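Counting in this note's numbering, the sequence shown runs from 1 upward without gaps.
Where is the CB? At the ideal position from N, CA and C, for every residue including glycine.
Since this is a predicted model, take the numbers as computed values, not measurements.
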Amino acid sequence: MIDKNLSIDALRIMLNSRFFEEKTEELFKAGLIHGTTHLANGQEASQAGLCMALDDGDWIVPTHRCHGFTLCKGSWPVAMFAEMFGSRQGLAKGLGGSMHMPDKENCNLGSSAVVGSGVPLATGIAFYKKFESLGSASFAKSTTQNPKELPPVPVKNLSVAIFGDGASSRGSVHESMNLASIWKLPVLFYCENNRYGMSAPSDKMISVDKVSERASAYNMPGKVVDGNDFEAVYEAVREASAYIKAGNGPYLLEVMTYRFKGHSKSDRRLYRTSDEEQQWLLRDPIILFEQKMIENGYATKEEIDRIEQECRKGIDLQAETALKESFDKLTEDEVLNLVYATREDRS
Ligand SMILES: Cc1ncc(C[n+]2csc(CCOP(=O)(O)OP(=O)(O)O)c2C)c(N)n1
1 MIDKNLSIDA
11 LRIMLNSRFF
21 EEKTEELFKA
31 GLIHGTTHLA
41 NGQEASQAGL
51 CMALDDGDWI
61 VPTHRCHGFT
71 LCKGSWPVAM
81 FAEMFGSRQG
91 LAKGLGGSMH
101 MPDKENCNLG
111 SSAVVGSGVP
121 LATGIAFYKK
131 FESLGSASFA
141 KSTTQNPKEL
151 PPVPVKNLSV
161 AIFGDGASSR
171 GSVHESMNLA
181 SIWKLPVLFY
191 CENNRYGMSA
201 PSDKMISVDK
211 VSERASAYNM
221 PGKVVDGNDF
231 EAVYEAVREA
241 SAYIKAGNGP
251 YLLEVMTYRF
261 KGHSKSDRRL
271 YRTSDEEQQW
281 LLRDPIILFE
291 QKMIENGYAT
301 KEEIDRIEQE
311 CRKGIDLQAE
321 TALKESFDKL
331 TEDEVLNLVY
341 ATREDRS
């Protein structure tokens, strides 16, 4: 198993993610947050396993179900709650809400409500990373060579294109995979397969048994991993990252998981049975991880309970802090100045 310190960090990060989602649901129900939200309860191992396996300077472009990725990549929870309260402390100054939490300092480009639209953006970042490593003259020369004969160019950093099983059939995803393959771009295509689009089960909507099978059509490796097993995800991302950073081009990782909650806050989940949901609750990634930690002698049940209490208290406090400042919203003039800002104004 991964070492003890890493395990404790992973547990804290996954617990913070879970409690963040629970708090968000509570605040929505209390009418303190408006708009919609997409919760990722049950997907913590996929989100923490990815972000913890990345190196400093690696970028992510998450999906609309972005809280866990954003938190695990290092964003300040107060700024995330503030974003949902619509206040100026928010990651997008309160103009984006639950689905839009960009954080440049933590190499997170943020997501968009348009399903699959982050994938070409992540491919663009990878293009820049390769361009940066090669220098413009060599890069221009390389695009005139037979793409299949391009030599590997090692890179320091990669970008991760995160998308769901629903997004996996969008044209933008396929176009990105093709271009990334031809130009051997350092991008990890990270398909978080939580078994459903809004209400459509992935096994009825996708032409192949596994999204990862599509990798061969784009001449890249494809692998499936158990997304409820933190260690399996972590190891798979480390392996993919080493392949990509050695300059071999893109990699497709399909992470099998399950969302415990509905698609969004208004979903009554009529398309699946409670029996199915109960089966998946038995595979709660946090409980599985805690059991492993106890078996390995990394922590006792009492120590885990204490960590849980600390994390819950921390998230409650962060939500409270953001709530106290939630009256502080951008003025109309400030919003207009931002919308029409020039590149110079923004930097
Ligand atoms: C281009 C586009 N088509 C449809 C929608 C409506 N929509 C929002 S989320 C969603 C399902 C996405 O499923 P998936 O990619 O598996 O991600 P998940 O919600 O399961 O995390 C759909 C169809 C949208 N927002 N954008």
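- Assignment of N108 by DSSP, reduced to helix, strand and coil, places it in the strand class.
- E149 has its alpha-carbon roughly 42 Å from the corresponding atom of G42.
- Just measuring C-alpha positions, the residue of E25, V78 and G68 sitting nearest A319 is V78.
- In this structure T63 is in contact with S111, their Cβ atoms being roughly 5 Å apart against a cut-off of 8 Å.
- C-alpha of G90 to C-alpha of V119: approximately 24 Å in a straight line.
- A distance criterion of 6 Å places the beta-carbon of M198 in contact range of ligand 1, judged by its closest non-hydrogen atom.
- Y340 carries a coil assignment under DSSP once its states are collapsed to helix, strand and coil.
- A check of alpha carbon separations from M1 across Y340, K292 and G314 identifies K292 as the nearest.
- Approximately 15 Å separates the beta-carbon atoms of G222 and E192; this is outside 8 Å, ruling out the contact.
- When the alpha-carbon of L253 is set against those of G68, R18, G247 and A232, the nearest one is in A232.
- Take the alpha-carbon of N296 and the one of K129: they are about 39 Å apart.
- Under DSSP, the beta-bridge partners assigned to A161 are V61 and F189.
- Per DSSP, V114 lies in no beta strand (DSSP E) and is assigned neither H nor E.
- Excluding residues up to 5 positions away in sequence, D103 and N106 lie with their Cβ nearer than 6 Å to the Cβ of S75 in the same chain.
- Check the Cα spacing between C66 and each of H38, G49 and D58: the tightest is with H38.
- The closest CA to that of D55, considering only E239, M80 and F81, is found on E239.
- T342 has its alpha-carbon roughly 44 Å from the corresponding atom of I8.
- Residue L32 holds the alpha-carbon nearest to the alpha-carbon of F327 among A122, L317, R12 and L32.
- Per DSSP, the unbroken alpha helix (DSSP H) holding G68 starts and ends at H67 to C72.
- Ligand 1 never approaches N337 closely enough for any of its heavy atoms to be under 6 Å from the residue's Cβ.
- The beta-bridge partner set that DSSP reports for D305 is empty.
- Classified as exposed, S207 has fewer than 16 neighbouring CB atoms from the shown chains inside 10 Å of its CB.
- If you draw a straight line from the Cα of S46 to the Cα of A113, it is about 20 Å long.
- Taken through DSSP and simplified to helix, strand or coil, L50 comes out as helix.
- Here the distance from the Cβ of R65 to the nearest heavy atom of ligand 1 is below 6 Å.
- For N41, the shortest C-beta to heavy atom distance toward ligand 1 is 6 Å or greater.
- Comparing alpha-carbon positions, the option among L179, M84 and R283 lying closest to L121 turns out to be L179.
- With 16 or more other Cβ atoms inside 10 Å of its own Cβ, A126 counts as buried.
- For G222, the enclosing beta strand (DSSP E) starts and ends at G222 to D226.
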